Amino acid sequence: MIVWNSALAIFSMFATWRYGEEFFYVLKNRPFYHSVCYATNPSSVAAFWACCFALSKVAELIDTVFVLLRKKPLIFLHWYHHAVVLVYVWHSACELTAAGRWFIFMNYAVHSIMYTYYAITSAGFRLPRTLSMCVTTLQTTQMLIGVGISIYVARLKWTQGFSFCQQSNENLILCFVIYISFAFLFMRFFAKAYLFKKDKIKSKEA
Numbered sequence: 295m296i297v298w299n300s301a302l303a304i305f306s307m308f309a310t311w312r313y314g315e316e317f318f319y320v321l322k323n324r325p326f327y328h329s330v331c332y333a334t335n336p337s338s339v340a341a342f343w344a345c346c347f348a349l350s351k352v353a354e355l356i357d358t359v360f361v362l363l364r365k366k367p368l369i370f371l372h373w374y375h376h377a378v379v380l381v382y383v384w385h386s387a388c389e390l391t392a393a394g395r396w397f398i399f400m401n402y403a404v405h406s407i408m409y410t411y412y413a414i415t416s417a418g419f420r421l422p423r424t425l426s427m428c429v430t431t432l433q434t435t436q437m438l439i440g441v442g443i444s445i446y447v448a449r450l451k452w453t454q455g456f457s458f459c460q461q462s463n464e465n466l467i468l469c470f471v472i473y474i475s476f477a478f479l480f481m482r483f484f485a486k487a488y489l490f491k492k493d494k495i496k497s498k499e500a
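Per our numbering: the sequence shown = residues 295 to 500.
The structure is reproduced here in structure tokens:
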């Protein structure tokens, strides 16, 4: 687990750096809508790391294997997240979905922190509970931004024409449904793991 989580952390960090170069260049030098409506150049460095991103979603299924091998409970959020992301990422890869620029960068960045946290804890170190809360908060924030980007693209398509942004209507609907469900599931997980859990402990002590 230490080696696996460390490898994913290092990969995610390097990918965040390399993919982030194009991401921030577009944000700095183009109108904002360009970042969600115009796809990455297929022959660019960013396109290579977008391809790596799609492949990494297959590799991340090994996380589920580790959960099963360690005989830990496989929660709905875990398998639903991995399964749905795999389908959506490959659907988007086939279309070169422009808004994927945001989704890929956010996921790389969050995974850099998340897998670093996992690597440290799998090495036997006990980290403050607040760090675990921060990781879940970052994941939830990622989902909420995804919802916001989807709404923004939908608005552009509605006002400028459905062919304005390089994202099919089918992909946009799928994206919106996925991010809404993820946001709900991560917020529910946060509440159950960090908020209501304390209340249960206090009621037992009373």
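Built from N, CA and C at the ideal position, the CB exists for glycine as well.
Predicted model, so just to flag it, every value in this text is computed and none were measured.
Close Cβ partners of residue i (< 7 Å) along its chain, the five nearest in sequence each way excluded
i	result
residue 496	In this prediction, residue 496 has a pLDDT of 43, which is less than 50 and means its spatial position is unreliable; what the coordinates show is noted afterwards. Correct list: empty, nothing qualifies.
residue 459	330, 331, 392, 447, 450, 451
residue 407	429, 432
residue 354	376
Reference residue i; option with closest CA among the options
i	options	result
residue 317	487, 465, 393, 461	393
residue 348	360, 328, 359, 388	388
residue 340	352, 422, 431, 314	314
residue 296	431, 463, 419	419
residue 487	378, 371, 377	371
residue 386	413, 345, 485	345
Contact set for residue i: own chain, Cβ-Cβ below 6 Å, skip 5 residues either direction
i	result
residue 302	409
residue 403	310
Between the CA atoms of residue j and residue i - distance to the nearest angstrom
i	j	result
residue 436	residue 396	10 Å
residue 405	residue 306	6 Å
residue 521	residue 343	The structure shown does not extend to residue 521, since the chain is modelled only from 295 through 500, so no value can be given for it.
residue 367	residue 375	15 Å
residue 333	residue 399	14 Å
residue 373	residue 480	13 Å
residue 465	residue 472	10 Å
residue 461	residue 468	11 Å
residue 324	residue 456	21 Å
residue 359	residue 474	26 Å
Neighbour-count burial assignment, residue i, 16 or more Cβ in a 10 Å radius
i	result
residue 433	buried
residue 445	exposed
residue 356	exposed
residue 500	Per-residue confidence for residue 500 stands at a pLDDT of 37, beneath the threshold of 50, marking its modelled position as unreliable; the derived number appears in the next sentence. It counts as exposed.
residue 476	buried
Chain-order list of residues whose beta-carbon lies under 8 Å from that of residue i (same chain, five-residue window excluded)
i	result
residue 470	441, 444, 445, 448
residue 415	421
Proximity test, Cβ basis, 7 Å: residue i and chain B
i	result
residue 359	As a matter of chain content, chain B is missing from the structure shown, which is built from one protein chain.
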